[in-house]
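Residue numbers (the numbering used here), protein chains in the order written: chain R, 8 to 656; chain A, 8 to 656.
Here's what the structure looks like:
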């Protein structure tokens, strides 16, 4: 091959395009590679990228940063699939000019070099725009004119010549690194969403009565006022009767027990039906439309698991693991007993139809306006299945968002994100100290996963009552939401029990709720107003207004002199919004300390300044004049400062 | 896809088989991967490998070591190309048994589980050998027999059952990681060779007279006695006259000057001709045959560069970089001036014929019995060219060895080794302290390059007089050869000037020889016998006898209490040979200290022992009884101990 350049170690590169990286419009893609060639020639390189379906590749510079490392950045502006590749080539013009200058410095005679230069300039003129071509041709003539040696040398070392030449390249025999690298540019909602989870059956105003979608509908104004834009529902399908679970995960149910919504299917139908106790399909459709009016998306836990009573069990007996005698094999894996579930057998002969049917379930609800789907235990289905299903759904509904709920093993969380999940439930639950939080944020915003994983910081879920929250007091709840909502642009709460601090843990189980709504109907005071609801509404409004909070990867931690004070700055993609957050990690005690003014991050220049500091939570305004400033945070007020800093007039 | 297992991060993997890894017969390949699947099922995995041309894949186990990391090892036994891939699958038998035991421990009733077990045992019996199949079928029947519950449970938890089951697997729907991964298993000489370089023109017994191959032939017994098995010659072709270099790299030559052998070609011919002053082609052929009788391979510096007088210049004017007026563009890259060289233009339109012609040069000499080729500045030719050329030569001559001489930039050294160079000149020149040596050995024997790079530790070359050797005394030479020859199984010296300690450096140039043989004829005392020659012969004989020295990757450093004493153990692939080396890094002073007995490496068991310690250099024998033992090394004697340790009778 005539090309001499080697391109290797290209990043981001998810297994040579087997998986795509993720972005939202306005984000950039930073590409690095090692590029080198034989001999001592000067190389040039560029990134080529285009949106799928477009004809021409756009070009972004790739520049050397030493040790054969090259780096470059380009921006993606529209939703869709982008492709990118790298080109690198030996630049004979730049090589010539580099040597010319070295020889000129050494005082060598340059006749031959001028003649070569004349040649390369002429060649380069063929590849450049008309105006530049004209100038290169003129210079080429001067260089080729043996009678005006000094004029030619003076021209070659003139700033003007240097300037024009540095903008030109002679691109012959480029090496192309093209490994099908892809970016999926998704909806901005993939990176900015505020989730509220509730059990529809617990929404009745009458204690003990089964809630309905009509009851849910009545709660929409409240949820909107609290500032949530996504309402997550556990499975809404008919619930199995065989081996139905009782209260507190009991293996034996009482007659009145409502069972776990994750045990899907009975004689009323399966994954395309609604539990009649919640209402009709029409009720649900009305509810989804009503939510849309409140700018709330409905997110559905797909609950792709079956009870023994699911219609599939009769229609497709081969889709389930069975005993030799044909009985369903109910899997009780000690110490967990999912006795109300019969698992799909993804290794069955009819796996293709199983895949297709499950896709049709998701499409069914997407057709009804559900735009977010939650996979509660996605790691119990094959990775390849998810990759296929999500891609298929995205063909018709590119805006649909899938949230992965797998947090048990990091490699599994990562691979599900690679397979296409738009968001991933995060291990934020267990990050409480300054060190833990900073290290975790470093990992998810600077590590390799940042290319394809959008973490979602839930404070709690029906499955997880973090130890830190269990039996804790009000201030702890404020603190956890303060952290979740500012550290991460995607965040959420398992709502009613968070607002009203239901946090009694099950005595047998470290991080489970006592009297969990998973197995019974709960009654909540849906009119409650308290410090927590006030704080949540306030902070959610601030999140919405200040686009600095619409991204997770834009965080920079800054200095404080107190281990209990964590400080960071976030800046929006378009730089129009910057917020400085200072949080007191101690929910018990007032903490004071000095925080360093992050001048570079705030765009402050010079040594003398008078800064206007607006507190977004309280609306107060201070004036700061120093590099380090004093702050005081009392847990009984707000756990944090959210500051907007500008130069005072 | 029905398979559920993910295989990723497979190592070694050189760009999905774009490059091969290297081994010699008897070496192993350690493979690692991350393997996981959805759910909690038990996985199994294996490595499949085979020699090219063979029909069946051989299987080696791949086992989990925690955190989804798996590792396995297989051995390559014959020269040729091997292929390898990985398979992993969900093992329903193992998954069943894992859960069965957990439930049995918990005291659960196991009827259903026994029935499932009966099923999986029957399935597994179909995949196993007859004897095992018979037992599995028997057990299957017991498990299926509802009337003998306790007998079935007792069988299932019996050690015998456990033992048989652990040797079985039910392999359905495996995932295959097959990315064209290749191993080139080369000649053992790729990993064990002892090189001597001399300039044939400096071999005459008469001072000032041009040496010939006949003179070289007379030196073969001496070189054989010194214990070298490879004789490296700088280019032996006619030397250019245009811009011939004078003594000490002068840009102007005197009439009598012989020029640089790297400026190849004149009216007598090019790369397929011999400089007539060295003799005839017949003389050369006789010399090669004579060397073979002394078990010495001839290694030729390919010198693939041309003088302006090379026949190619007229025959293929387009192969060279030219000025616009057609004159050859002689490249003087400040501060280096290769004025006697005209470089090939590998980007020319006729590049394919240029590649073919250069291949024909190497084949020409390979046909004449040259089995080793040295690329003196291989990084001035495209990497793809080398990859192609070496592969082509290996088709006809798989034993031919290519040594790469590129040490300027690590990435270039690495890529040339990946492209196929069998050995790589190493940066050992500049490693002198214990820390430097240990770190460097760690890098080359434990780092990723170990998969494809065989370093060659030269003490010096015509181009490099390391500062440490320059103007140094005899002890320094002994020390450097002691290190080169024991740390690395491939080593070499630029002979005559090493033996007789010609080490005056050129005043203008940091690491160049004064009066370098590159530009003039030197006269050496080819009958010299001194401490250096005595030491070299002794150590080369020991290297040959003790196969522990035939590998570089088998080194383990051990403890001493003195920073000037470096200690390491080497063990041969077949474990039959183990040598413990202790070297005094201080060439000026006697050093004493305690060295820890590396019991594990030496295969010594127990706390009480009487060890017979044979010193291979002196032939002395000691008896050691302790975990730490005293050593004393005087630079005026040997710089090292080479110890063979065994249990005394």
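C-beta: ideal position from N, C-alpha, C; glycine also. Please read all numbers here as calculations on a predicted model, not as lab measurements.
For residue 239/R, count the other beta carbons within 10 Å of its own beta carbon; 16 or more makes it buried, fewer makes it exposed. Which is it? In the first chain, counting from the first residue as 1, residue 239/R sits at position 232. Burial call: buried.
Would a check of beta-carbon distances place residue 77/A closer than 8 Å to chain R? Residue mapping note: residue 77/A aligns to position 70 of the second chain, counting from 1. It does not: the Cβ of residue 77/A has no partner Cβ on chain R nearer than 8 Å.
Residue 385/A and residue 699/A - do their beta-carbons sit closer together than 8 Å? Lying before the first or after the last residue shown, residue 699/A is absent from chain A, which here runs from 8 to 656.
Span of the alpha helix (DSSP H) around residue 320/R: On the first chain, residue 320/R is found 313 positions in, with the first residue counted as 1. Residue 320/R -> alpha helix (DSSP H) spans 318-322.
Going along the chain, which residues of its own chain have a beta-carbon closer than 7 Å to the beta-carbon of residue 438/A, five neighbours each way excluded? Position 431 of the second chain, counted from the first residue, corresponds to residue 438/A. Closer than 7 Å at Cβ, skipping near neighbours: 444 and 447.
Taking 8 Å as the CB-CB cut-off, is residue 179/R touching chain A? For the purposes of this step, residue 179/R is taken as residue 172 along the first chain, with counting starting at 1. For residue 179/R, the answer is yes, since a Cβ of chain A falls inside 8 Å of its Cβ.
Contact the stretch 183-195 of chain R vs the stretch 92-104 of chain R: 3+ CB pairs below 8 Å: yes
Contact list for the stretch 362-396 of chain A against chain R, Cβ threshold 7 Å: 386, 387, 388, 389, 390 and 391
Within the same chain, show all residues whose beta-carbon is closer than 6 Å to that of residue 9/A, passing over the 5 residues directly before and after it, in chain order. Stepping through the second chain from its first residue, residue 9/A is reached at position 2. The answer, listed in chain order, is 180.
Buried or exposed: where does residue 635/R fall if 16 or more other Cβ atoms within 10 Å of its Cβ makes it buried? Counted from its first residue, the first chain places residue 635/R at position 628. Classification for residue 635/R: exposed.
My assumption, with CB atoms under 8 Å, is that residue 601/R sits in contact with residue 567/R. Please give the rounded CB distance. Counted from its first residue, the first chain places residue 601/R at position 594. Counted from its first residue, the first chain places residue 567/R at position 560. Confirmed, about 7 Å.
Run the CB neighbour count on residue 615/A, radius 10 Å, all protein chains shown included, and call it buried at 16 or more, exposed below. Taking the first residue of the second chain as 1, we reach residue 615/A at position 608. Per the 10 Å Cβ criterion, exposed.
What three-state label does DSSP hand residue 647/A in the structure shown? Taking the second chain and counting its residues from 1, the one referred to as residue 647/A is at position 640. DSSP places residue 647/A in strand when its eight states are reduced to three.
For residue 28/R and residue 458/R, which I take to be in contact (beta-carbon distance under 8 Å), what is that distance rounded to the nearest angstrom? What you label residue 28/R is simply residue 21 of the first chain in a count that begins at 1. What you label residue 458/R is simply residue 451 of the first chain in a count that begins at 1. The pair is a contact, with the Cβ atoms about 4 Å apart (cut-off 8 Å).
Is there a Cβ of chain R sitting closer than 8 Å to that of residue 45/A, yes or no? In the second chain, the residue the question calls residue 45/A occupies position 38. Taking Cβ atoms only, chain R reaches closer than 8 Å to residue 45/A, which makes this a yes.
Do the stretch 162-169 of chain R and the stretch 207-218 of chain R touch if we need at least three Cβ pairs shorter than 8 Å? no
Look at the alpha carbon of residue 292/A and the alpha carbon of residue 376/A, and state the distance between them as a whole number of angstroms. In the second chain, the residue the question calls residue 292/A occupies position 285. In the second chain, the residue the question calls residue 376/A occupies position 369. When rounded, the distance between both Cα atoms is 8 Å.
Members of the stretch 120-132 of chain R that neighbour chain A once the beta carbon cut-off is set at 9 Å: 122, 123, 125, 126 and 129
Establish whether the CB of residue 330/R and some CB of chain A are separated by less than 8 Å. Along the first chain, one-based indexing puts residue 330/R at 323. Yes - at least one Cβ of chain A is within 8 Å of the one on residue 330/R.
Please give me, in chain order, every unbroken run of the beta strand (DSSP E) with length at least 3 that falls completely inside the stretch 190-263 of chain A. 200-204 and 237-240
Rounded to whole angstroms, what is the Cα-Cα separation between residue 337/R and residue 346/R? Here residue 337/R is taken as the residue at index 330 of the first chain, counted from 1. Here residue 346/R is taken as the residue at index 339 of the first chain, counted from 1. In a straight line, the C-alpha of residue 337/R is about 6 Å away from that of residue 346/R.
Please classify residue 394/R: is it buried, with 16 or more other beta-carbons within 10 angstroms of its beta-carbon, or exposed? Indexing the first chain from 1 puts residue 394/R at position 387. Flag for residue 394/R reads buried.
For the pair the stretch 306-314 of chain R and the stretch 346-356 of chain R, tell me if three or more CB-CB distances fall below 8 Å. yes
Would you kindly check if the distance between the Cβ of residue 270/R and the Cβ of residue 243/R is under 8 Å? As a first step, residue 243/R must be located in the first chain, where it is residue number 236. As a first step, residue 270/R must be located in the first chain, where it is residue number 263. Result no, Cβ atoms of residue 243/R and residue 270/R do not sit closer than 8 Å.
For chain A, is any of its Cβ atoms less than 8 Å away from the one on residue 418/R? Looking up residue 418/R in the first chain gives position 411. Residue 418/R counts as touching chain A.
Flag residue 101/A as yes if its beta-carbon sits less than 8 Å from any beta-carbon of chain D, otherwise no. The structure shown contains no chain D; the protein chains it does contain are R and A.
For residue 9/R, report the span of its alpha helix (DSSP H) as first-last. As a first step, residue 9/R is located in the first chain; it is residue number 2 there, counting from the start. It is not in any alpha helix (DSSP H) - residue 9/R carries neither H nor E in the DSSP assignment.
Check whether the Cβ of residue 11/R lies closer than 8 Å to any Cβ atom in chain A. On the first chain, residue 11/R is found 4 positions in, with the first residue counted as 1. So yes, residue 11/R belongs to the interface.
Is there a Cβ from chain R that is less than 8 Å from the Cβ of residue 358/A? By one-based count along the second chain, residue 358/A stands at place 351. Yes, contact with chain R.
Flag residue 647/R as yes if its beta-carbon sits less than 8 Å from any beta-carbon of chain A, otherwise no. The residue given as residue 647/R occupies position 640 in the first chain. So, not an interface residue.
Identify the residues that DSSP records as bridge partners of residue 286/A: which are they? Here residue 286/A corresponds to residue number 279 of the second chain, with the count starting at 1. Note: residue 286/A sits in no beta bridge, so no partner.
Starting from residue 370/A, trace the alpha helix (DSSP H) in both directions and tell me its first and last residue. Counting from 1 along the second chain, the entry for residue 370/A is found at position 363. Per DSSP, residue 370/A belongs to the alpha helix (DSSP H) from 358-374.
May I ask you to check if the CB of residue 112/R is nearer than 7 Å to at least one heavy atom of the ligand MN? Among the components modelled here there is no ligand, and therefore nothing to report on the ligand MN.
Answer yes or no: do residue 107/A and residue 117/A have a C-beta to C-beta separation smaller than 8 Å? Looking up residue 107/A in the second chain gives position 100. Looking up residue 117/A in the second chain gives position 110. Yes, the pair counts as a contact, with Cβ atoms nearer than the cut-off.
Tell me, please, whether the CB atom of residue 351/A is closer than 8 Å to any CB atom in chain R? Locating residue 351/A in the second chain gives position 344, where the first residue counts as 1. Chain R contact via Cβ: absent.
So is residue 8/R in contact with chain A if we call contact Cβ pairs under 8 Å? Translated into positions along the first chain, residue 8/R becomes position 1. Yes, residue 8/R counts as interfacial toward chain A.
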